[in-house]
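Residue numbers (the working numbering): 2 to 179.
The next block holds one structure in the form of structure tokens; read it before the comments.
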């Protein structure tokens, strides 16, 4: 069942982002992985293969591209060092919503300044995952949890994460979450 709220773009489909993208795809969401050229090609050629004690093993044919679709809802799962290169791509897409899984508070104001009008929330993810190739992800922990600020707990993206089988909890504030 595709969500009527629009496409979800997972920016940074590494171990964490790839796992999230594959779970969203399996739940029927309209999701795209946004990656560097070589990773996008590998994901398009092979799909995202997940190996998980919690979610099983399967391959999700998640489409991948180098840009964020216009008006997408974004799950930002890059490493912090990749943020400067990601900001222009995100800004150009004029996203409606961003859930950032980056550590810390430092990047939040930069996101807000770059994407005025978008709903932006910092979230914290707890998971152990590793990428053994650009398209193969080993989910090593018996858990996958995301904490979001209370103000974002009912957003369309957070609801999609829940529908995908990810445990999402709400905490008082973004500061408390991050």
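Note that beta-carbon positions come from the ideal geometry of N, C-alpha and C, so glycine has one too.
Ignoring anything shorter than 3 residues or poking outside the region 100–175, list the beta strand (DSSP E) runs there in chain order.
You should have 120–123, 125–127, 130–134, 137–140, 146–150, 168–172.
Burial state of residue 133 (16 or more Cβ within 10 Å)
Its Cβ having fewer than 16 others within 10 Å, residue 133 is exposed.
Cβ distance (whole Å) where residue 173 is taken to contact residue 137 below 8 Å
The C-beta distance from residue 173 to residue 137 rounds to 38 Å, too long to fall under 8 Å, and the pair is not in contact.
Cβ-based neighbour list, residue 120, same chain, cut-off 6 Å, excluding 5 preceding and 5 following
98, listed in sequence order.
Give a single yes or no on whether residue 62 has its beta carbon closer than 6 Å to a heavy atom of the ligand ADP.
Judged by which ligands are present, the structure shown has none, so any question about the ligand ADP falls away.
Rounded separation between residue 28 and residue 107 - CA only
The straight-line gap from Cα to Cα measures roughly 32 Å.
Output yes or no for whether 7 Å exceeds the beta carbon distance between residue 143 and residue 55.
A contact, by the Cβ cut-off of 7 Å.
Measuring alpha carbon to alpha carbon, tell me which of 157, 43, 178 ends up nearest residue 25.
Ranking 157, 43, 178 by Cα distance to residue 25 puts 157 first.
Cα separation between residue 165 and residue 109?
When rounded, the distance between both Cα atoms is 25 Å.
Under 8 Å: do the region 81–89 and the region 55–66 share three or more Cβ pairs, one atom per stretch?
With the rule of 3 Cβ pairs closer than 8 Å, the region 81–89 does not count as touching the region 55–66.
Take residue 53 and list the residues in its own chain whose beta-carbon comes closer than 7 Å to its own, dropping the five residues that flank it on each side.
Cβ neighbours of residue 53 beyond the five flanking positions: 140.
Since residue 64 contacts residue 94 with CB under 8 Å, what's their CB separation in whole angstroms?
So it is not a contact: roughly 15 Å between Cβ atoms.
For residue 18, collect the residues of the same chain with a Cβ closer than 6 Å to its Cβ; drop the 5 residues on either side in sequence, then sort them by chain order.
Correct list, in chain order: 11, 78.
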